[in-house]
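*Asks:* First the structure, which I've put down as structure tokens, then a few questions once you've had a look.
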Amino acid sequence: MLHERLKGYSGTAISTGRSSANVFRMAGSGVPALFLKHGFGEGAAEIEAEASCLRWLKSEGIACAEVIEQVTTDGSVWLLSSEVTGRDVATSMQLAPNEVVAIAAEGLRRLHALNPSKCPFDQRLDRRIDLARERVEMNLVDETDFDAERMGRTARSVFEDLIAHRPRAEDLVVTHGDATFENLMQCDGRFSGFVDCGRLGVADRYRDLALIARSIEDRLGRQWVQTFFDIYGCHYDETRIRYYQILDEFF
């Protein structure tokens, strides 16, 4: 069935970012562009998780890719999905900084307004810290990809910081889990959807706010971070931002 759906299409491999899956943009004459993902092992698990997250997110009225077909064969998974309208914020060079932060705030406000009690995906600290510990013990953490302030340290020493500075409480919302400019889409200067949703789940809102703050500071300058928080409508909490940026180092 998947083969039939892709008649007339040709694929172009694209960067997969953090994913271990293979990703292709499928295009053809007179047909809508699609995305095809394929993975074994960890990559297959990532794809299955993303398919479940996309189905739930779409059912809640949040713009994201639509799952067209999912196929499991011999330990591998194929996922065919629609293309989200627009262009990712990271490559939307025509946008002014004030437009970028407004798009990011609009998208995350919509997502965080969902009822977390209805979300079936748990990404709270207990689970994420356990996963981080497993990745440290299995030597899966890429220490060469740490943020500049932690570069040169070991994953074990950074994990000690994660345990020592854990917040006492979590402000739970539905989070994206990888809220960067690359995963926010815009069309005509307005938020148009999310991509790479496999880490979606209930967690502290700063799980997302910490990563979008880093994107804003890196791409636009630190002066635009507070503007984002003003539009989003949340207190800027430096301690929580630092903590969730540390947590992200393990994934």
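Residue 215 in my numbering sits at position 202 of the sequence shown; the count goes up by one each step and never skips. Glycine included, each C-beta is placed from N, C-alpha and C at the ideal position.
Just to confirm, is the Cβ distance from Gly99 to Cys210 under 8 Å?
*Replies:* No, these two residues do not count as a Cβ contact at 8 Å.
*Asks:* Is the Cβ-Cβ distance between Glu195 and Asp87 less than 8 Å?
*Replies:* Contact flag unset, no.
*Asks:* So which of Ile244, Ala168, Val187, Ala145 has the shortest CA-CA distance to Phe134?
*Replies:* Ranking Ile244, Ala168, Val187, Ala145 by Cα distance to Phe134 puts Val187 first.
*Asks:* By the DSSP assignment, the beta strand (DSSP E) with Ala46 in it spans what residues?
*Replies:* Element bounds for Ala46: 44–53.
*Asks:* For Trp91, write down the residues that DSSP places opposite it in a beta bridge.
*Replies:* His51, Val84, per the DSSP bridge assignment.
*Asks:* Is Ala192 helix, strand or coil when you go by DSSP?
*Replies:* DSSP places Ala192 in coil when its eight states are reduced to three.
*Asks:* How would you label Gln136, buried or exposed, when you count the other beta carbons within 10 angstroms and need 16 or more for buried?
*Replies:* Per the 10 Å Cβ criterion, buried.
*Asks:* Taking Cβ positions, are Ala117 and Ile27 nearer each other than 8 Å?
*Replies:* In this structure, Ile27 does not lie closer than 8 Å to Ala117 by Cβ.
*Asks:* Which of the three DSSP states, helix, strand or coil, is assigned to Val102?
*Replies:* Helix, per DSSP.
*Asks:* What alpha helix (DSSP H) runs, 4 residues minimum, are completely inside the region 135–175?
*Replies:* Runs of the alpha helix (DSSP H) inside the region 135–175: 138–150.
*Asks:* Output needed for Arg166: all residues of its chain with C-beta closer than 8 Å, excluding positions within five of it in sequence on either side, in chain order.
*Replies:* Contacts found: Glu156, Phe159.
*Asks:* If you draw a straight line from the C-alpha of Gly234 to the C-alpha of Glu262, how long is it?
*Replies:* Answer to the nearest angstrom: the Cα atoms are 21 Å apart.
*Asks:* Quick check: the Cα distance between Val114 and Trp237, rounded to an integer number of angstroms?
*Replies:* Cα-Cα distance, rounded: 7 Å.
*Asks:* Straight-line CA distance for Ala78 to Leu49?
*Replies:* Straight-line Cα distance between these residues: approximately 11 Å.
*Asks:* Classify Arg181: buried if its beta carbon has 16 or more other beta carbons within 10 angstroms, exposed otherwise.
*Replies:* Exposed, since its Cβ has fewer than 16 Cβ neighbours within 10 Å.
*Asks:* If I measure Cβ to Cβ from Arg169 and keep anything under 7 Å in the same chain, skipping five residues before and after, which residues do I get?
*Replies:* Answer for Arg169: Val149, listed in chain order.
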